Amino acid sequence: MSNRPELKAPPEIFYDAEEARKYTSSSRIIEIQAQLSERALELLALPDDRVPRLLLDIGCGSGLSGETLSENGHQWIGLDISPSMLDIALEREAEGDLLLGDMGQGLGFRPGVIDGAISISAVQWLCNADKSSHEPRLRLKAFFGSLYRILARGARAVFQVYPETVAQRELILGSAMRAGFAGGVVVDYPHSSKKRKEFLVLTCGPPSIRSEVPKGKVEAMESCSDDESSEDEENQTVCNSDRHRPRKKQKINKKKGKGREWVLKKKEQMRRKGNAVPPDTKYTARKRKARF
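So for the sequence shown, the working numbering puts the first residue at 1; every next one is plus one.
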């Protein structure tokens with residue numbers, strides 16, 4: 001069975017009192033939440049004028065991500081569907097205002113009052129129909145449409161997400177674009193199976209310089225790694241060792257055929273990125289005979 005919590009039960013049921021307390025007492029989860037929240041706040045690109053902003057933490061849980069917002073001097077409102085998670089946040093004396101609500105039913109704030117929004121590992125829950133009345137496309141439409149209304153023009157929203165499939169990623173991004181947002185997906189450490197993280201960075205308002213998608217983080221010399229090919233379509237970087245190869249040697253390498261091992265390696269890279277790839281068989285990379 002998948003270890004994804006959104007596939008086990010609805011959030012208000014999965015995060016019961018026991019699970020909420022276990023989640024908040026894990027030092028590993030606390031550290032990861034702090035790192036992801038810092039990165040989301042960085043991608044918000046708020047003006048560096050030391051003026052506190054009113055931010056919305058969607059799927060705030062027990063207030064772990066809100067602590068990062070408070071430490072950076074901002075005021076925040078937390079929204080979550082799990083009463084048990086919010087009870088833990090109250091016990092921990094979270095500094096933000098806490099609201100119990102379902103983001104899939106829309107956000108009930110006055111237009112233009114929110115200076116920015118973040119969400120850590122929550123938006124992908126909207127892609128599941130936990131009830132017979134749930135339609136993922138309509139819930140995403142209600143969420144992004146209401147978020148667009150309550151954000152100040154030019155404000156950003158940053159969502160760290162774990163889409164299960166490419167179709168889910170496209171569904172979330174497409175819903176945001178149809179609501180009027182500009183932006184796209186930022187991928188940190190795209191070639192690492194453990195450190196890879198996806199952030200949906202959206203700007204409220206028409207496309208502008210501010211709405212350009214920031215670049216994701218990469219590790220040093222990542223493009224020269226033995227585990228990843230420098231011919232990757234998303235990162236066409238020439239390694240230093242390639243720049244200084246003799247011209248004659250480069251021509252010889254270009255003439256070499258791409259055998260089964262190369263094909264299997266490329267297919268595995270595509271699978272790690274979440275792309276649909278045909279299964280490996282005995283016919284993979286086998287050359288066809290000329291019969292004409």
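Beta carbons: idealized from backbone N, C-alpha and C, even for Gly. Values in this document were obtained by computation on a predicted structure and should not be read as measured data.
Handout entry: Nearest candidate by alpha-carbon position, reference P111, set L90, A155, L100 and K197
Key = One-based indexing of the sequence shown puts residue 111 at position 111. Of the candidates L90, A155, L100 and K197, the one whose C-alpha sits nearest the C-alpha of P111 is A155.
Handout entry: Beta bridge counterpart(s) of T68 as assigned by DSSP
Key = Here residue 68 refers to the residue found at position 68 of the sequence shown. DSSP output for T68 lists no bridge partner at all.
Exercise for the section: Would you mind giving the Cβ-Cβ distance between I58 and A129, rounded to the nearest angstrom? I have them listed as a contact below 8 Å. Expected result: Residue 58 sits at position 58 when you count from the first residue of the sequence shown. Residue 129 sits at position 129 when you count from the first residue of the sequence shown. Contact doesn't hold; Cβ gap of about 20 Å is too wide.
Practice task
Indicate the three-state DSSP secondary structure (helix, strand or coil) for T281 in the structure shown.
Solution key: Indexing the sequence shown from 1 puts residue 281 at position 281. Coil, per DSSP.
Practice task
Answer yes if the segment 31–46 comes into contact with the segment 62–75, meaning at least three C-beta pairs across the two stretches below 8 Å, and no otherwise.
Solution key: yes
Exercise for the section: Starting from V158, trace the beta strand (DSSP E) both ways and give me its first and last residue. Expected result: As a first step, residue 158 must be located in the sequence shown, where it is residue number 158. Counting along the chain, the beta strand (DSSP E) containing V158 begins and ends at L151 to V161.
Exercise for the section: Tell me whether S175 is buried or exposed, calling it buried when 16 or more other Cβ atoms sit within 10 Å of its Cβ. Expected result: Here the question's residue 175 lines up with position 175 in the sequence shown. So S175 counts as buried.
Problem - Range of the contiguous beta strand (DSSP E) that encloses A182 - result: Along the sequence shown, read from residue 1 onward, the residue named residue 182 stands at position 182. Segment A182 to D188, the beta strand (DSSP E) holding A182.
Exercise for the section: Using three-state DSSP, classify V218 as helix, strand or coil. Expected result: As a working note, residue 218 is residue 218 in the sequence shown. If DSSP states are grouped into helix, strand and coil, V218 belongs with coil.
Handout entry: Nearest to I318 (by Cα), restricted to the options R272, C204, R149 and R137
Key = Here the chain has residues from 1 to 292 only, and residue 318 is not among them.
Handout entry: Rounded C-alpha distance that separates C60 from G274
Key = For the purposes of this step, residue 60 is identified with residue 60 of the sequence shown, where counting begins at 1. For the purposes of this step, residue 274 is identified with residue 274 of the sequence shown, where counting begins at 1. Spanning the two alpha carbons is a distance of roughly 27 Å.
Practice task
Alpha carbon to alpha carbon, how far is R260 from G96? Give it in angstroms, no decimals.
Solution key: As a position in the sequence shown, residue 96 is number 96, starting the count at 1. As a position in the sequence shown, residue 260 is number 260, starting the count at 1. Rounded to the nearest angstrom, the two C-alpha atoms are 56 Å apart.
Handout entry: Delimiting residues of the alpha helix (DSSP H) encompassing W76
Key = By 1-based counting over the sequence shown, the position of residue 76 is 76. Segment Q75 to D80 is the beta strand (DSSP E) holding W76; no alpha helix (DSSP H) there.
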